[in-house]
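See below for the structure under consideration.
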Amino acid sequence: MIFITVGAQLPFDRLVLTVDEWAGRTGRQDIFAQIADGTRPQHFDSVDFLEPAPYRERMVACDVVIAHAGMGSILTALECGKPILVLPRRGSLGETRNDHQVATAERLGSLGKVTVAIDEAELLEKLDRVDQLSAAGPIGNRASTELIDRIRGFLGDVDAGRV
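Note that the numbering used here gives residue 123 to position 120 of the sequence shown, counting from 1, and the numbers run on in steps of one.
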């Protein structure tokens with residue numbers, strides 16, 4: 004099953020309607036989407052929002068995640084060990100306030116954590132091979148002891164006026 008998520012804040016019609024076009028062309032039916040208050044797709048089921056428990060259930064049950072390049076969606080997919088295909092929202096298209104999702108997608112793509120489609124044409128190309136995507140491997144849902152110790156040390160330095 005393919006799980007599409009656009010996050011909890013804004014719809015992302017460019018993503019949803021591109022996947023809807025692909026689903027109509029290919030006949031792919033095992034798709035479910037959380038789309039905020041966006042345009043309803045014709046070729047798969049969708050809801051505006053999911054509470055945390057059903058959201059996680061969908062994430063665990065799916066074979067692949069297709070999402071915006073929001074950190075919540077990405078981290079949840081990585082925690083669940085799912086392959087994730089992202090289409091970043093673009094500030095220039097009024098989909099978000101700036102291009103931070105483009106930067107996020109490019110960086111995580113370069114690290115092999117996500118597969119990035121930079122536009123609708125590339126998304127359609129990657130959807131044709133969606134079953135070949137592989138997960139980057141699950142990540143933990145807690146920070147490492149080393150990271151926590153370094154942050155504590157930095158905060159101690161700040162409190163002591165050394166930074």
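Don't be surprised by glycine CBs; every beta carbon is placed ideally from N, CA and C.
Quiz item: Is it right to say glutamine 32 is buried, meaning 16 or more other beta carbons lie within 10 angstroms of its own, or is it exposed?
Solution: exposed
Quiz prompt | Spatial neighbours of aspartate 23 in its chain, beta-carbon cut-off 8 Å, leaving aside the 5 residues before and after | solution = The answer, listed in chain order, is Pro44, Gln45, His46 and Phe47.
Quiz prompt | Spatial distance of aspartate 152 from tyrosine 58 (CA atoms) | solution = Going from the Cα of aspartate 152 to the Cα of tyrosine 58 covers about 32 Å.
Quiz item: So who's on the other strand from threonine 118, going by DSSP bridges?
Solution: Leu88
Quiz item: In whole angstroms, what separates the C-alpha of leucine 136 from that of leucine 13?
Solution: 26 Å
Quiz item: Helix, strand or coil: which one does DSSP assign to glutamine 12?
Solution: coil
Self-check item: Sequence-distant residues of the same chain with beta carbon closer than 6 Å to threonine 107, five excluded per side
Solution: Ala72
Practice problem: Select from Gly94, Val133, Pro55 and Asp122 the residue whose C-alpha is nearest the C-alpha of methionine 4. | Solution: Val133
Quiz item: Does the beta-carbon of threonine 21 have 16 or more other beta-carbons within 10 angstroms, so that it is buried, or is it exposed?
Solution: buried
Quiz item: Got a sec? Which residues, its chain only, sit under 7 Å from lysine 129 by beta carbon, not counting five neighbours each side?
Solution: If we look at lysine 129 and ignore the five residues flanking it on each side, its Cβ neighbours are Leu88, Thr118 and Ala120.
Quiz item: Where does glutamate 79 land, buried or exposed, given buried means 16+ other C-beta within 10 angstroms?
Solution: Looking at the sequence provided, one finds threonine at residue 79 rather than glutamate. A residue is called buried once 16 or more other Cβ atoms fall within 10 Å of its Cβ, and threonine 79 is buried on that count.
Practice problem: Output yes or no for whether 8 Å exceeds the beta carbon distance between valine 19 and isoleucine 34. | Solution: no
Quiz item: Looking only at its own chain, which residues have a Cβ that is under 6 Å from the Cβ of glutamate 123, when we skip the five neighbours before and after it?
Solution: Thr21
Exercise. Please determine, among Arg93, Glu82 and Ala11, the residue with the shortest C-alpha to C-alpha distance to glutamate 54.
Key: Ala11
Quiz item: Taking just the CA atoms, how far does glycine 94 sit from arginine 100?
Solution: Their Cα atoms are separated by approximately 5 Å.
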